[in-house]
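Numbering (the UniProt record's numbering), first residue to last: 1 to 620. Beta carbons: idealized from backbone N, C-alpha and C, even for Gly. In what follows, a single structure is set out as structure tokens and then discussed.
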Amino acid sequence: MFKKKKVTDPENFTAQENLTEEEKVYTRQRIEDDEELEQEFKFSDLKRVAKYLMPYRSAVLKVLVTIMIANIAALIGPLLTRSAIDVVIPAADIPRLLLYGVLFGITLFIIGLCMRYRIYAITEIGQDTLKDMRSDLFTHLQTLPFSYFDSRPHGKILIRVVNYINTLSDLLSNGVINLVSDLFSLFFTLAIMLMIDVRLTLYSLALLPVLFLLVLWLKNSQRRAYQQLSNKQSTLNAFIHESIAGIRITQSFAREEVNHQIFTSISEENRSHWMKAVKIQFLMWPIVENISILTVTLIYFVGIRQIGVDVSTGTLIAFVAYVNNFWNPIINIGNFYNNLITASAYLERIFETLDEQPLIVDAPEAQPLPAIEGHIEFEDVIFRYEPGKNILDGVSFEMPPGKTVALVGPTGSGKTTIISLLSRFYDINEGSIKIDGYDIRDITMQSLRKQMGVMLQDTFIFSGTIIDNIRYGNLDATEEEVIAAAKTVRAHDFIMNLKDGYYTAVEERGSTLSAGQRQLIAFARTIIANPRILILDEATSSIDTETEELLQEGLQQLLKGRTSFIIAHRLSTIRNSDQIFYIEQGRIVERGSHQELLELRGLYYQLYQSQYNQLLEQNR
Ligand SMILES: Nc1ncnc2c1ncn2[C@@H]1O[C@H](COP(=O)(O)OP(=O)(O)OP(=O)(O)O)[C@@H](O)[C@H]1O
């Protein structure tokens with residue numbers, strides 16, 4: 001394995017090879033971190049690519065037959081030429097010469113027709129295969145745990161699904177199929193050459209070992225160059241992706257100039273690695289061309305000296321045509337090999353992603369969770385995102401169905417973590433979490449998550465319309481149900497004021513909506529899913545006091561009869577909860593109703609006092 005190269009602060013760099021398996025899973029990659037490189041080219045990767053062609057085998061077969069017809073037609077031409085030069089022209093047999101001309105024309109027509117079909121069919125097969133591979137990659141990505149996405153820049157994931165797959169286009173559309181056809185044509189041509197003249201055939205093969213050695217010599221440096229190039233492309237993509245996602249912050253802090261400098265330097269690295277890789281790749285083609293020209297020269301050299309002895313002029317001319325026929329597939333196979341080496345650098349990344357195991361999978365005997373009431377039990381739960389640092393340190397509680405619990409506490413104390421564990425976004429390290437007595441590791445994740453409504457801090461709006469976004473919670477909901485849900489959470493009025501009402505188009509992340517509006521939409525999305533367990537993380541933080549008052553009413557409707565967890569910093573939201581847990585450093589240090597905790601005069605009391613005073617200040 002090559003050593004992982006790090007561009008930034010070397011002190012922060014942890015060499016991958018010194019890490020345990022568990023640590024490797026959690027090691028984070030930064031934008032400028034290069035991904036690890038496998039040195040050996042794996043032929044199994046090629047087999048996996050071939051598997052993607054299997055569904056299209058009948059189309060592949062048709063193309064191969066077409067290619068064989070074209071090859072056979074191409075072999076006839078030189079035979080006609082030989083006979084014309086050696087026999088027909090000396091005999092001045094004009095009708096036969098004309099016939100040969102027509103036959104030659106027909107072979108060219110057949111070749112043209114076959115090539116036209118081949119180009120179209122091969123492109124179609126290639127694109128279909130790419131589509132399948134991309135779809136597999138995308139589907140697989142959706143099953144991967146949050147930790148996978150937490151541990152690397154998203155741009156580095158994106159480039160695998162889009163660009164790396166595209167680089168395989170040529171390999172799949174032309175490469176694999178042409179390889180078979182080139183091997184056929186090589187075999188046929190060689191057979192005819194041997195039939196015509198064994199000695200000249202052996203001269204034609206004389207330089208092949210030189211080519212073979214050169215290709216082997218180039219292979220490793222070419223592969224390494226493309227692996228490094230793919231790393232640089234990945235870094236560039238990650239930087240661009242992050243810059244777009246963070247554009248507001250960039251502009252607010254006037255960081256454009258600095259970002260531009262970083263971009264220029266990454267871009268320059270990309271360019272120089274590209275040039276290096278291409279230089280090595282393009283060494284191959286002139287080498288093959290030169291060897292083929294040298295071979296033809298050799299044949300002329302030997303052949304002309306033998307003319308009149310045991311080689312006829314027609315044989316020599318036909319032979320040279322066959323030598324070209326023979327070298328064409330070799331050049332193609334050389335190019336294929338070249339493409340393969342290039343593509344293998346990308347294939348490795350694609351298959352690495354496909355082989356990434358979802359950390360959280362349904363247990364083999366996992367049962368679907370039946371319709372639940374919403375009884376929740378945490379028993380001595382210990383959890384860490386990374387080895388060595390417990391984020392939750394023995395959390396235990398029991399929640400009867402239909403009750404509301406509010407989680408409060410300092411930032412970073414573990415509130416969001418508790419609710420993430422409930423949806424089994426991460427697996428706990430010790431203890432158990434039970435819903436209606438079912439350990440959540442013994443039930444299917446889908447059946448668990450379907451009965452939960454989660455509203456996270458970062459309300460995500462998908463590109464589409466408002467109605468699409470609300471329907472995300474329940475794809476079968478009718479328009480009336482969507483409107484009713486929006487009315488309950490008081491989103492209806494603002495939606496009706498938009499240009500096209502419920503059919504107003506919104507962009508990804510909902511940048512055309514205010515933060516409060518985005519949250520109202522998320523409320524509607526959650527209510528329409530009608531979950532038994534409700535999780536609201538800071539859900540009301542961006543809603544102004546007036547809107548929040550409106551929303552409280554809807555929220556109470558939403559909470560009714562559901563077991564609910566609310567993480568809110570606003571006391572107005574949590575005061576009505578049945579239970580309040582004060583979380584500090586991954587432990588529940590105080591629990592009780594609002595009144596009980598005030599009487600305790602502990603941490604919650606202090607929090608309440610400080611917020612209460614703040615409110616008084618604001619209202620003064
Ligand atoms: N994906 C993650 N990977 C590693 N550490 C994480 C991850 N998410 C959170 N943490 C760490 O876990 C701790 C608890 O985070 P959590 O988000 O649960 O806190 P919180 O109480 O919800 O905070 P806040 O009130 O600021 O939202 C923090 O120290 C945080 O740095």
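Quiz item: Within this structure, are the beta carbons of T563 and G374 separated by less than 7 Å?
Solution: Against the sequence shown, residue 563 aligns to sequence position 563. Against the sequence shown, residue 374 aligns to sequence position 374. Taking 7 Å as the Cβ cut-off, T563 and G374 qualify as a contacting pair.
Quiz item: What is the DSSP secondary structure of F494, counted as helix, strand or coil?
Solution: Translated into positions along the sequence shown, residue 494 becomes position 494. DSSP places F494 in helix when its eight states are reduced to three.
Quiz item: Leaving out the 5 sequence neighbours to the left and right, which residues in its chain are closer than 8 Å to Y52 when beta-carbon positions are compared?
Solution: Within the sequence shown, residue 52 is the residue found at index 52, counting from 1. Excluding sequence positions up to five before and after Y52, its CB lies within less than 8 Å of the CB of T129, D132, M133, L172, all in the same chain and listed in chain order.
Self-check item: For S432, the residue or residues it bridges with in DSSP
Solution: In the sequence shown, the residue the question calls residue 432 occupies position 432. Per DSSP, the beta bridge partners of S432 are E379.
Quiz item: Taking the Cβ atom as the reference point for each residue, do A524 and A485 lie within a distance shorter than 7 Å?
Solution: As a working note, residue 524 is residue 524 in the sequence shown. As a working note, residue 485 is residue 485 in the sequence shown. Cβ atoms of A524 and A485: closer than 7 Å.
Quiz item: Within the chosen definition, does the region 76–88 reach the region 371–390 through at least 3 CB pairs nearer than 8 Å?
Solution: The region 76–88 is not in contact with the region 371–390.
Quiz item: In terms of residue numbering, what span does the beta strand (DSSP E) encompassing A406 cover?
Solution: As a first step, residue 406 must be located in the sequence shown, where it is residue number 406. Segment 404–408, the beta strand (DSSP E) holding A406.
Quiz prompt | For L534, the three-state DSSP class (helix, strand or coil) | solution = Along the sequence shown, read from residue 1 onward, the residue named residue 534 stands at position 534. DSSP places L534 in strand when its eight states are reduced to three.
Quiz item: Whose C-alpha, out of Q306, I333, I249, is nearest the C-alpha of residue 653?
Solution: This structure gives no information on residue 653, because the portion of the chain shown stretches from 1 to 620.
Quiz item: Ends of the alpha helix (DSSP H) at Y582?
Solution: To locate residue 582, count along the sequence shown from 1; it is residue 582. Where Y582 is concerned, there is no enclosing alpha helix (DSSP H), although the beta strand (DSSP E) it sits in stretches over 579–584.
Quiz item: So, I331 versus Q222, is the Cβ gap smaller than 7 Å?
Solution: Translated into the one-based positions of the sequence shown, residue 331 becomes position 331. Translated into the one-based positions of the sequence shown, residue 222 becomes position 222. Here I331 is not near Q222, since their CB atoms are 7 Å or more apart.
Quiz item: From A505 to I467, what does the alpha carbon distance come to, in whole angstroms?
Solution: On the sequence shown, residue 505 is found 505 positions in, with the first residue counted as 1. On the sequence shown, residue 467 is found 467 positions in, with the first residue counted as 1. A505 and I467 have their C-alpha atoms spaced approximately 9 Å apart.
Practice problem: Could you check what DSSP says for S564 in three-state terms: helix, strand or coil? | Solution: Residue numbering aside, residue 564 sits at position 564 when the sequence shown is read from its first letter. Judged by DSSP in its simplified three-state form, S564 adopts strand.
Quiz item: The beta strand (DSSP E) spanning D393 covers which residue range?
Solution: For this step, residue 393 is matched to residue 393 along the sequence shown. In the DSSP annotation of this structure, the continuous segment of the beta strand (DSSP E) that includes D393 starts and ends at 392–399.
Self-check item: Own chain residues within Cβ distance below 8 Å of R96, not counting five before or after
Solution: On the sequence shown, residue 96 is found 96 positions in, with the first residue counted as 1. If we look at R96 and ignore the five residues flanking it on each side, its Cβ neighbours are V88.
Self-check item: Inter-residue Cα distance where the pair is N613 and R601
Solution: For the purposes of this step, residue 613 is identified with residue 613 of the sequence shown, where counting begins at 1. For the purposes of this step, residue 601 is identified with residue 601 of the sequence shown, where counting begins at 1. Distance between N613 and R601, taken at the CA atoms: about 16 Å.
Quiz item: Are there 16 or more other CB atoms within 10 angstroms of the CB of Q227, so buried, or fewer, so exposed?
Solution: As a working mapping, residue 227 is identified with position 227 in the sequence shown. The residue is buried, with at least 16 neighbouring Cβ atoms inside 10 Å.
Quiz item: Can you tell which of E584, G473, I293, E479 has the C-alpha that lies nearest to the C-alpha of A206?
Solution: Position 206 of the sequence shown holds residue 206. By alpha-carbon distance to A206, the top candidate from E584, G473, I293, E479 is I293.
Quiz item: With C-beta atoms as the reference, is L456 less than 7 Å away from D537?
Solution: In the sequence shown, the residue the question calls residue 456 occupies position 456. In the sequence shown, the residue the question calls residue 537 occupies position 537. Going by C-beta atoms, L456 is nearer than 7 Å to D537.
Practice problem: Inspect the beta-carbon positions of M452 and S423 and report whether they are closer than 7 Å. | Solution: The sequence position of residue 452 within the sequence shown is 452, counting from 1. The sequence position of residue 423 within the sequence shown is 423, counting from 1. Their beta carbons are under 7 Å apart, which means M452 touches S423 by this criterion.
Practice problem: Name the two residues that bound the continuous beta strand (DSSP E) containing G592. | Solution: For the purposes of this step, residue 592 is taken as residue 592 along the sequence shown, with counting starting at 1. Element bounds for G592: 587–592.
Quiz item: Are residue 645 and F565 touching if we call contact CB-CB under 7 Å?
Solution: A query on residue 645 cannot be resolved here, the shown segment of the chain reaching from 1 to 620 and no further.
Quiz item: Are F425 and F146 touching if we call contact CB-CB under 7 Å?
Solution: Indexing the sequence shown from 1 puts residue 425 at position 425. Indexing the sequence shown from 1 puts residue 146 at position 146. Yes, the Cβ-Cβ distance between F425 and F146 is below 7 Å.
Quiz item: For L236, which residues from the same chain have a beta carbon less than 7 Å from its beta carbon, with the 5 sequence-adjacent residues on both sides left out?
Solution: Within the sequence shown, numbered from 1, the residue matching residue 236 stands at position 236. Here the set comprises I266, S267, N270.
Practice problem: From the DSSP output, in three-state form, read off E22 for me. | Solution: The count along the sequence shown starts at 1 and reaches residue 22 at position 22. Here E22 scores only 46 on pLDDT, less than 50, and its place in the model should not be relied on; the value that follows carries that caveat. In the displayed model, E22 falls within a helix according to three-state DSSP.
Quiz prompt | Exposure label - K24; buried when at least 16 CB within 10 Å | solution = Here residue 24 refers to the residue found at position 24 when the sequence shown is read from its first residue. Residue placement at K24 is poorly supported in this model, since its pLDDT is 44, which falls under 50; the coordinates still yield a value, given next. Under this definition K24 is an exposed residue.
Quiz item: Where does I433 land, buried or exposed, given buried means 16+ other C-beta within 10 angstroms?
Solution: Here residue 433 refers to the residue found at position 433 of the sequence shown. Buried, by the Cβ-count rule.
Self-check item: Own chain residues within Cβ distance below 7 Å of E379, not counting five before or after
Solution: Walking along the sequence shown from the start, residue 379 turns up at place 379. The residues are S396, G431, S432.
Quiz item: Relative to ligand 1, what is the chain-ordered list of residues with a Cβ closer than 5 Å to any of its non-hydrogen atoms?
Solution: That query returns the following residues: D150, Y385, I391, T411, G412, S413, G414, K415, T416, T417.
Exercise. Would you grab the beta carbon distance between K574 and V408 for me? Rounded to a whole angstrom, and I think it's under 8 Å.
Key: Reading the sequence shown from its first residue, position 574 is the one you call residue 574. Reading the sequence shown from its first residue, position 408 is the one you call residue 408. Residue 574 is actually Ile in this sequence, not Lys. Yes, I574 and V408 are in contact; Cβ-Cβ is about 6 Å, under 8 Å.
Practice problem: Specify the secondary structure class of Q595 as computed by DSSP and reduced to three states. | Solution: The count along the sequence shown starts at 1 and reaches residue 595 at position 595. DSSP, read as helix, strand or coil, puts Q595 in helix.
Quiz item: Under a three-way DSSP split, which group does I443 fall into?
Solution: Translated into positions along the sequence shown, residue 443 becomes position 443. Residue state, collapsed to three classes: strand.
Quiz item: Got a sec, what are the start and stop residues for the beta strand (DSSP E) G453 sits in?
Solution: In the sequence shown, counting from the first residue as 1, residue 453 sits at position 453. First-last of the beta strand (DSSP E) with G453: 452–455.
Exercise. Can you check DSSP and say which residues form a bridge with L227?
Key: Counted from its first residue, the sequence shown places residue 227 at position 227. Before going further, note that residue 227 is Gln rather than Leu in the sequence given. Answer by DSSP bridge pairing: none, since Q227 is not bridged.
Exercise. Evaluate contact between the region 69–78 and the region 307–322, counting only Cβ atoms and requiring at least three cross-stretch pairs below 8 Å.
Key: The region 69–78, when compared against the region 307–322, does touch it at the 8 Å Cβ threshold.
Exercise. Say whether the region 303–311 touches the region 345–359, bearing in mind that this needs 3 or more beta-carbon pairs closer than 8 Å, one atom from each stretch.
Key: No contact exists between the region 303–311 and the region 345–359.
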